[in-house]
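Contents: one structure, followed by commentary.
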């Protein structure tokens, strides 16, 4: 295998002295790694045979991620040019992304075996294309969720890192969830639905974590005069909330907005994200907002009840102080008071998400 490209097709394929000298200076394939040998062997094997039905089991074995991606691309291109049916069993997202870069005419069947129950789900072509055409999905490597028990999507990178760490510490006391992928939406709360929707359509239990101001109307920074509820509508649709619960949620949300609007004061921090339900003194009103949050959580949409990420560790200011200090102050669930869902701490919040992903009868995943 030459370390440099042949100067011409004639030299690469010829048998004259110049061609012989070129190949004499190349490395023997047997002296290269198992991955390169497998890559070359598969490509050479396909070129030497003209079969139109090709079955390969885990062709990406031994390959580094970039090479696995390249192999997916090359195998798919060969199959397309030959008009062949290429059937592959794989466990690598990079290999699938390589296939997607080569062709839009793909079918993916996701096979799972959990709790002695086997499932098979064919994924629609338009859903598959999303992972290659949507920059947020592509950059977040969301397609890796296909090979995990579940996915948890946060609004931003900092949120993802924090909740991942909380879950890791919960695993130490058997209350977290193993084999779960944490990703961020790549575009804040307004992009979460674009990650949630295709993964759930693939049958992957995908939870979303959003700040409390998700329930209010309009864009965070500016009001959308055309559709001030677009963020709400898109995310609840992605979570596949039933028509009956959707009608009930609409009423509860209006009630929640009224409650927060009543306690909101000029020139004071937004009560939605600064304290959340802790700002509500009336217990009946607090229960109303809790019912809204509980109903959303049944569908894997988890609203931070105390407002926002920073509320989990009081005393640290948002910004550099938070980013530099939260790891030292996050605590230990084995030492801290571990309460029920409404204990309003980060441990019980993450444990609730783990329960939803682990529940075979969970709502919101078709």
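In my numbering, the protein residues as written are 2 to 367.
No residue lacks a Cβ here, since even glycine has one placed at the ideal position from N, Cα and C.
Just so we're clear, the structure is a prediction, and the values are computed from it rather than from any experiment.
- Look at residue 164 here: in three-state DSSP terms it is helix.
- Less than 9 Å divides the Cβ of residue 211 from the Cβ of residue 193.
- With a minimum length of 4 residues, the unbroken runs of alpha helix (DSSP H) contained wholly in the region 266-320 fall at 284-298.
- Residue 58 carries a strand assignment under DSSP once its states are collapsed to helix, strand and coil.
- Per DSSP, the continuous alpha helix (DSSP H) segment holding residue 77 begins and ends at 66-83.
- The shortest C-alpha to C-alpha distance from residue 70 to any of 95, 101, 361, 350 is the one to 95.
- Contact between the region 247-267 and the region 285-293 is present: 3 or more CB-CB pairs across the two stretches fall below 8 Å.
- Annotation for residue 157: no alpha helix (DSSP H) segment contains it, and DSSP assigns it neither H nor E.
- Residue environment: residue 270 is assigned as exposed (fewer than 16 neighbouring CB atoms within 10 Å of its CB, all protein chains considered).
- The alpha-carbon separation between residue 237 and residue 364 amounts to approximately 12 Å.
- In terms of Cα proximity to residue 165, the closest of 175, 179, 174 is 179.
- In the structure shown, residue 336 adopts coil according to DSSP, grouped into three states.
- Non-local beta-carbon contacts of residue 176 in its own chain, meaning distances under 6 Å to residues more than five positions away in sequence, involve 352 in chain order.
- By the neighbour-count definition (other C-beta atoms within 10 Å, threshold 16), residue 282 is an exposed residue.
- In this structure, the alpha-carbon of residue 315 lies about 16 Å from that of residue 350.
- In the three-state reduction of the DSSP assignment, residue 246 falls in the helix class.
- Taking 4 residues as the minimum length, the alpha helix (DSSP H) runs contained wholly in the region 103-134 are 126-134, in order along the chain.
- Counting the other Cβ atoms within 10 Å of the Cβ of residue 136 gives fewer than 16, which makes it exposed.
- The Cβ neighbour count for residue 242, taken over all protein chains shown within 10 Å, is at least 16; the residue is labelled buried.
- Here DSSP, grouped into helix, strand and coil, assigns residue 182 to strand.
- Excluding its 5 nearest sequence neighbours in each direction, residue 148 has C-beta neighbours in its own chain below 7 Å: 92, 94, listed in chain order.
- Check the Cα spacing between residue 246 and each of 293, 134, 158: the tightest is with 293.
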